[in-house]
Amino acid sequence: MTIMRPLSPVSQLFVSPSFYCIIVITVGFKTTCNPSAIVEGIKNTWLKLPRFSSKVEMDDKINGEAVWVPVSVRVEDHVIVPDLDYSNIEKPDEFLEHYTANLANTPMDTSKPLWEFHVLNIKTSNAESIGIGKLHHSLGDGVSLMSLLLASSRKISDPDALPTTATTRKYVDSNDKGWWLVRRFWLLIRIIITTIIELFKSLLTLCFMRDTKTPLMGNSGDEIRSRKLIHRIISFDDVKFVKNTMEMKVNDVLLGMTQAGLSRYLSRKCGDEATEVEKKQFLEKFHLRGTVAVNLRPNTNIEDLANMMAKGSTCRWGNFLGIIIFPLWIRSEDDPLEYVRRAKDTMDKKKLSMESFFFYGITKLNMKLFGRKVVEFMTKRIFGHTTLTFSNVLGPNEEISFFDNHVSYIAASALVGPQALIIHFVSYVNKISINIAVDTKVIQDPHLLCDDLVESLNIIKLAILKKGLHKMEV
Numbered sequence: 001m002t003i004m005r006p007l008s009p010v011s012q013l014f015v016s017p018s019f020y021c022i023i024v025i026t027v028g029f030k031t032t033c034n035p036s037a038i039v040e041g042i043k044n045t046w047l048k049l050p051r052f053s054s055k056v057e058m059d060d061k062i063n064g065e066a067v068w069v070p071v072s073v074r075v076e077d078h079v080i081v082p083d084l085d086y087s088n089i090e091k092p093d094e095f096l097e098h099y100t101a102n103l104a105n106t107p108m109d110t111s112k113p114l115w116e117f118h119v120l121n122i123k124t125s126n127a128e129s130i131g132i133g134k135l136h137h138s139l140g141d142g143v144s145l146m147s148l149l150l151a152s153s154r155k156i157s158d159p160d161a162l163p164t165t166a167t168t169r170k171y172v173d174s175n176d177k178g179w180w181l182v183r184r185f186w187l188l189i190r191i192i193i194t195t196i197i198e199l200f201k202s203l204l205t206l207c208f209m210r211d212t213k214t215p216l217m218g219n220s221g222d223e224i225r226s227r228k229l230i231h232r233i234i235s236f237d238d239v240k241f242v243k244n245t246m247e248m249k250v251n252d253v254l255l256g257m258t259q260a261g262l263s264r265y266l267s268r269k270c271g272d273e274a275t276e277v278e279k280k281q282f283l284e285k286f287h288l289r290g291t292v293a294v295n296l297r298p299n300t301n302i303e304d305l306a307n308m309m310a311k312g313s314t315c316r317w318g319n320f321l322g323i324i325i326f327p328l329w330i331r332s333e334d335d336p337l338e339y340v341r342r343a344k345d346t347m348d349k350k351k352l353s354m355e356s357f358f359f360y361g362i363t364k365l366n367m368k369l370f371g372r373k374v375v376e377f378m379t380k381r382i383f384g385h386t387t388l389t390f391s392n393v394l395g396p397n398e399e400i401s402f403f404d405n406h407v408s409y410i411a412a413s414a415l416v417g418p419q420a421l422i423i424h425f426v427s428y429v430n431k432i433s434i435n436i437a438v439d440t441k442v443i444q445d446p447h448l449l450c451d452d453l454v455e456s457l458n459i460i461k462l463a464i465l466k467k468g469l470h471k472m473e474v
């Protein structure tokens, strides 16, 4: 007897016909990719996960909800090696952009499991060959899929060992034990007040509050016509330099450079003849916000997922994420570090609130009480009234091989909702890939936008050096 399992609340939303959501993961390899190794590796790992060996169907017996239906999978049908004349490809980087754009804009075949992996033995600026995973968002969120990638990989330095990622350490001041109860009580009060304020703002956004119309935002109700995906690789060491000097998190730095890059990009729209004063006044009119994806898991254990694929054990998998609405500081600042300071201050306030947990809980409750259409309407309103989506996924901090193919870099874009701009950052060893997905009808110069993001990090780093804020190593 076939056992059908219902999709999670968030996954139910992602399979809605009018809410097309996929994730495109690009993995650069340092050598020519071996498709046979990819096929055998997936057979021994991914197929152990029920969602990768199931298709999605609507079950009329449970009010038309989507369910996972186990099916027989032939991996060779999902690992695609296109027949290309590589010798005639003059611009491989541009070809890769067109290829990923075509994947992003082509609907997935729902008659089979919702994933595929493409192998391109084409040399680009950053890799000798390319692997491209196209996965429906109902399979899992960014953290789940990154964990899957890492659980399918091994260290280059130790081929039998799983990769490791950086962990966040929490320090406890032993001198403050006497004030523990007071601090906890005050923290609780701040959490309650901040959560109420942020939920009220979210309610206003849901009802009527919409971002200022800018060249980054499509018209309300517009459907995405065509997606284009580009990525750019920057130095993780530069990001860590800013992080350590200003004593903040990596996410704060990335949000800061995003605010600076967007400000730089939008100031260009004022015109070349505009003065600095006019540009400042132009940017001050903008009130923009982004939806930031938040992982709600207490931790992500790669070993658990590896055991799940090897031994059939269970671990937290799927879409377990919430969102926060993040106000963007779009201004012409004389001090570039102000963008990073603003990002940190705003994120510190957001971390106090339970906004992301409430978003997930409300989604789950409304899905149960009112069904997918109500949740879809609410989610589209939130995305439609904000300008962009932002996320940052932490990758391995050492060189890895993916099914015996040495990885050069990892890039990923999650195409969700009606927004014209989606920005994702993915780290790998000493690199960070900036991944931009745009609606080409709205943003016709995404490379210029990407240049402004890269240049903003350079300007922020240079400002620190000029001010002598960094600590010299002895």
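Residues in the sequence shown are numbered consecutively from 1, following full-length UniProt numbering.
We treat Cβ as the ideally placed atom computed from N, Cα and C, and that holds for glycine.
Proximity below 8 Å, CB of N126 to CB of S408: yes
Three-way DSSP call (helix, strand, coil) for N72 in this model: According to the sequence provided, residue 72 is Ser. The question's Asn does not apply to it. DSSP places S72 in coil when its eight states are reduced to three.
With a floor of 3 residues, list each beta strand (DSSP E) that falls wholly inside the region 338-416, ordered by position along the chain. 388-393, 400-402, 405-415
Using 8 Å as the threshold, is the region 248-261 in touch with the region 335-342, meaning 3 or more CB pairs across them? yes
Give me the residue from S427, T387, N430, N244 with the minimum Cα distance to V442. T387
Is it buried or exposed for Y99, if we count other Cβ within 10 angstroms and need 16 for buried? buried
By how many angstroms is the C-alpha of M248 removed from the C-alpha of M347? 11 Å
Less than 8 Å between the C-beta atoms of I156 and G28, yes or no? no
Alpha helix (DSSP H) segment containing K243, residue limits: 236-246
Cα-Cα separation between V81 and I132, rounded to whole angstroms: 10 Å
Alpha-carbon spacing of L365 relative to D109, whole angstroms: 30 Å
In chain order, what residues of the same chain have a beta carbon less than 6 Å from the beta carbon of A37, not counting five sequence neighbours either side? F403, D404
Return the CA-CA distance between P446 and E455, expressed in angstroms with no decimal places. 14 Å
Touching by the beta-carbon criterion (3+ pairs, under 8 Å), the region 356-363 and the region 267-275: no
Can you give the Cα-Cα distance for W180 and L187, rounded to whole angstroms? 10 Å
DSSP-derived helix/strand/coil call for L162: coil
Going by beta-carbon coordinates alone, are residue 553 and A151 separated by less than 8 Å? Nothing about residue 553 can be read from this structure; the chain reaches only from 1 to 474.
Classify V15: buried if its beta carbon has 16 or more other beta carbons within 10 angstroms, exposed otherwise. buried
For P50 and V172, the rounded distance between their alpha carbons: Residue confidence for V172 is low, a pLDDT of 44 falling below 50, so the modelled location carries little weight; the figure read from the coordinates is stated next. Going from the Cα of V172 to the Cα of P50 covers about 41 Å.
Segment limits, alpha helix (DSSP H) that includes N121: Taken as a continuous stretch (DSSP letters only), N121 belongs to no alpha helix (DSSP H), as it is neither H nor E.
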